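Peer 1:
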Amino acid sequence: MFCAGRVPDEDLRRTMKACGGAILSTVNNVTDSVLGTCESFEEQQIGGERFNFFNGCSNAKTCTILLRGGAEQFIEETERSLHDAIMIVRRAIKNDAVVAGGGAIEMELSKYLRDYSRTIAGKEQLLISAMAKALEIIPRQLCDNAGFDATNILNKLRQKHAQGEKWYGVDINNEDIADNFAACVWEPAVVKINALVAASEAACVILSVDETIKAPKSQGGGGSGPPVPGGRRGMGRPH
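Using our numbering, you'd call the opening residue of the sequence shown number 12 and step up by one each time.
#1: In the DSSP assignment, the alpha helix (DSSP H) including residue 51 goes from what residue to what residue?
#2: Please report the straight-line C-alpha distance between residue 228 and residue 109, rounded to a whole angstrom.
#3: Would residue 154 be called buried (16 or more neighbouring beta carbons within 10 Å of its own) or exposed?
#4: To the nearest angstrom, report how far apart residue 23 and residue 90 are at their CA atoms.
#5: Thinking just about the alpha-carbon of each residue, which of 92, 96, 176 is nearest to the one in residue 192?
#6: Are the beta-carbon atoms belonging to residue 196 and residue 150 less than 7 Å from one another?
#7: Taking the alpha-carbon of residue 27 as reference, which of 45, 207, 127 has the nearest alpha-carbon?
#8: Beta-carbon within less than 8 Å of residue 1's beta-carbon, same chain only, minus the 5 sequence neighbours each way: which residues are those?
#9: Can you confirm whether the stretch 101 to 120 touches the stretch 197 to 210 when touching is taken to mean that 3 or more C-beta pairs between the two stretches lie within less than 8 Å?
#10: What would DSSP say about residue 176, mapped onto helix, strand or coil?
#11: Just to confirm, is the Cβ distance from residue 97 to residue 203 under 7 Å?
#12: So if DSSP puts residue 61 in a beta bridge, which residue, or which two residues, is it bridged to?
#13: Measure how close the beta-carbons of residue 49 and residue 74 come, nearest whole angstrom, since I'm counting them as under 8 Å.
#14: Report the start-end ranges of each beta strand (DSSP E) in the stretch 108 to 156 that is 3 residues or longer and not cut off at the edges.
#15: Since residue 111 and residue 124 should fall inside the 8 Å C-beta cutoff, what is the C-beta to C-beta distance between them, to a whole number of angstroms?
#16: Could you name the residues of the same chain whose beta carbon sits closer than 7 Å to that of residue 31, not counting the 5 residues immediately before and after it, in chain order?
#17: Output the distance between the C-alpha atoms of residue 194 and residue 221, rounded to the nearest integer angstrom.
#18: Would a C-beta distance cut-off of 7 Å place residue 121 and residue 146 closer than the cut-off?
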């Protein structure tokens, strides 16, 4: 028999969902209907903390991941990276449409927009060309983060996409380019759609601003408004 005290309510509810049973406030009239089951239970010492492990839970649909590191900053960064990866997998399961990652879809969209801009004679050509150039920031940033020669990699990508190889992107492992769709480097299409929509809306909001108003800084620290020109100090009453 194992007894634990001061267990948080969230942990109690998670254990109840995984093992079954119910949360009781008394030990009177305990029956099989309020008991949960699991294949094995053990307590392990990990670092400076002791953890209780419930293995083989009958109703478990989730698991617990323990993160350990030398500093709190490393743990927080690992948690953010893991959370991003889990959310991408979740989106990929809900939306089965995927595209190649590693900057492949951005380079293909950039090529398409650049070709389309040449068919327009007005000033809109400059806007579409600017957006095509902005899309190349994604593979360029990937190269910079990995320490690659971004100019060389982008030139290779432009050549491949001009030849119709639309899934070619940055290959981080070999410091080159590769068919990322065949290499299983995928991203949910809904993530790319949302990113493009958000970026376009932000650009439209900035372009719609025609004037900015800046409040003047108060001088002297006393009054809230600017000093009155030509003003003089009062003389006061004579003695």
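Beta carbons: idealized from backbone N, C-alpha and C, even for Gly.
Owing to the predicted nature of the structure, the values given are computational and were not obtained by experimental measurement.
Peer 2: Once the coordinates are examined:
#1: First-last for residue 51: 51 to 57, but that is the beta strand (DSSP E), not the alpha helix (DSSP H).
#2: 52 Å
#3: buried
#4: 23 Å
#5: Of 92, 96, 176, the residue nearest in Cα terms is 176.
#6: Between residue 196 and residue 150, the CB-CB gap reaches or exceeds 7 Å.
#7: The candidate whose alpha carbon is nearest that of residue 27 is 45.
#8: Because the chain here runs from 12 to 250, residue 1 falls outside it and cannot be looked at.
#9: yes
#10: coil
#11: no
#12: 56
#13: Wrong, their Cβ atoms sit about 13 Å apart, outside the cutoff.
#14: Runs of the beta strand (DSSP E) inside the stretch 108 to 156: 109 to 111.
#15: Cβ-Cβ separation between residue 111 and residue 124: approximately 18 Å, too far for a contact (criterion under 8 Å).
#16: 47, 48, 69, 70
#17: 47 Å
#18: A distance below 7 Å separates the beta carbons of residue 121 and residue 146.
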